[in-house]
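Worksheet: one structure, shown below.
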Amino acid sequence: MEEIILDYTALGERIKHARKEKKLTQADLAEECSLSTSYVGHVERGSRIPSLETLYKIATVLDVSLDALVFDSALPSENLFSNIESCIRHKDKKKVTAFLKTVKVLADNIDEL
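Structure below.
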């Protein structure tokens with residue numbers, strides 16, 4: 004099996020980008036994850052290596068998948084279903100059901116599109 008070497012600076016940049024997209028400060032993210040603000044800053048600069056548990060907390064608060072944070076080579080289509088799920092997670096159940104029925108009809112007829 005090929006060894007994977009993570010670029011912690013790039014990981015930190017992705018965390019910082021996702022945090023800013025959510026309009027959170029480092030202090031906000033730190034509080035939500037039970038971390039110190041300085042630790043979040045170190046992680047974003049790549050000078051500290053977060054544990055898997057910490058990465059999970061960060062990903063959950065930022066509403067992104069772990070693979071999106073860890074693997075910069077992941078294409079958006081690889082995260083398509085998790086992206087859709089995160090968009091509809093807190094929406095009205097009836098509207099979500101209608102949306103999913105629409106997607107199914109489109110998928111069933113994709114060759115005619």
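Numbering (this note's numbering), first residue to last: 4 to 116.
Idealized CB from N, CA, C, for every residue including glycine.
**OP:** Indicate whether residue 14 and residue 69 have their beta-carbon atoms separated by less than 8 Å.
**Re:** no
Original post:
Leaving out five residues before and five after residue 17 in sequence, what residues of the same chain have Cβ atoms less than 6 Å from its Cβ?
Top reply: 72
**OP:** Determine the contact status of residue 47 and residue 19, defining contact as a CB-CB distance below 8 Å.
**Re:** yes
Subject >> Reduced DSSP secondary structure (H/G/I, E/B, other) of residue 76 >> reply: Low confidence applies here, because residue 76 scores a pLDDT of 41, under 50, leaving its location unreliable; read the following figure in that light. DSSP places residue 76 in coil when its eight states are reduced to three.
Original post:
Looking at residue 90 and residue 61, is the spacing between their C-beta atoms short of 8 Å?
Top reply: no
Subject >> Residues near residue 51 in its chain [Cβ-Cβ closer than 7 Å; skip 5 each side] >> reply: 42, 45
Original post:
From residue 10 to residue 40, what distance separates their C-alpha atoms?
Top reply: 21 Å
Original post:
For residue 58 versus residue 21, is the C-beta distance shorter than 8 Å?
Top reply: no
Original post:
Exposed or buried, residue 67, counting other C-beta atoms within 10 Å across all chains shown (16 or more means buried)?
Top reply: buried
Subject >> Helix, strand or coil at residue 70 according to DSSP, with G and I counted as helix >> reply: helix
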